[in-house]
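Colleague:
Residue numbers (our numbering): 5 to 206.
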């Protein structure tokens, strides 16, 4: 575990059969790169940490969580392979400029989620491939997120947005996001529209 630290580099490690693979707590401006976190209950875990980068790593677990971020901001999770987790990438109470980009998230648990946002807003989610999970991308109680070029394929339920107030449904999701190769139409304050025949999700 890396606690209350800055400018730490965790690179080229094989972390297998632990409770946690990598833990950053109250840590900033640090890097996880080319790490194999295999069969850990939690693969990579960030708590109250900011301005960190997780890149080009492989995370597979015992059906728990691949990359978990809690109360963290301005982190970048990019170009990772994340497989066989109950939650592939999960954000809880994590807002303000986290970037989730270019990850492959696949083969989730029978009731698991590829990418889960829980009360986590103002993040950029782009260019992720989410395949063969129970649920693809799920947003709960989260607003102001921007989704671009995410491809959800062969998940039992590919995309869903939930909340208890109107604000929780206000996100920027354009037709570059697809479900089984068909575009998502995410309409806010629209009138007199007809559902396109090529829609993957409306």
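Even glycine gets a Cβ: it sits at the ideal position worked out from N, Cα and C.
1) Which term fits residue 36, buried or exposed, when burial requires 16 or more other beta carbons within 10 angstroms of its beta carbon?
2) Give the DSSP-derived three-state secondary structure of residue 163 in the structure shown.
3) Are the CB atoms of residue 46 and residue 12 nearer to each other than 8 Å?
4) Just curious, the beta strand (DSSP E) that residue 118 is in, first and last residue?
5) Excluding the 5 residues flanking residue 20 on each side, which residues of the same chain have their C-beta closer than 7 Å to its C-beta?
6) Identify the residues that DSSP records as bridge partners of residue 28: which are they?
7) Please classify residue 72 as buried or exposed, where buried requires at least 16 neighbouring CB atoms within 10 angstroms.
8) So the candidates are 147, 182 and 145; which of them puts its Cα closest to the Cα of residue 163?
9) Considering only residues of the same chain and omitting the five flanking positions on each side of residue 84, which have a CB-CB separation below 6 Å?
10) Compare the beta carbon distance of residue 58 and residue 81 with 8 Å and say whether it is the shorter of the two.
11) Bridge partners of residue 96, per DSSP?
12) Of the choices 117, 130 and 78, whose alpha-carbon is the least far from that of residue 140?
Modeller: Walking through what the data contain:
1) So residue 36 counts as buried.
2) In the three-state reduction of the DSSP assignment, residue 163 falls in the strand class, which pools E and B.
3) No; because the gap between Cβ atoms is not below 8 Å, this pair is not in contact.
4) Element bounds for residue 118: 117-122.
5) If you ignore the 5 residues before and after residue 20, its C-beta comes within less than 7 Å of the C-beta of 42 and 43, all in its own chain and listed in chain order.
6) Residue 28 pairs with 6 and 50.
7) So residue 72 counts as buried.
8) That would be 182, whose Cα lies nearest to the Cα of residue 163.
9) 61 and 107, listed in sequence order.
10) Against a cut-off of 8 Å, the Cβ pair of residue 81 and residue 58 comes out as a contact.
11) Paired residues: 74 and 122.
12) Looking only at 117, 130 and 78, the smallest Cα-Cα distance to residue 140 is reached by 117.
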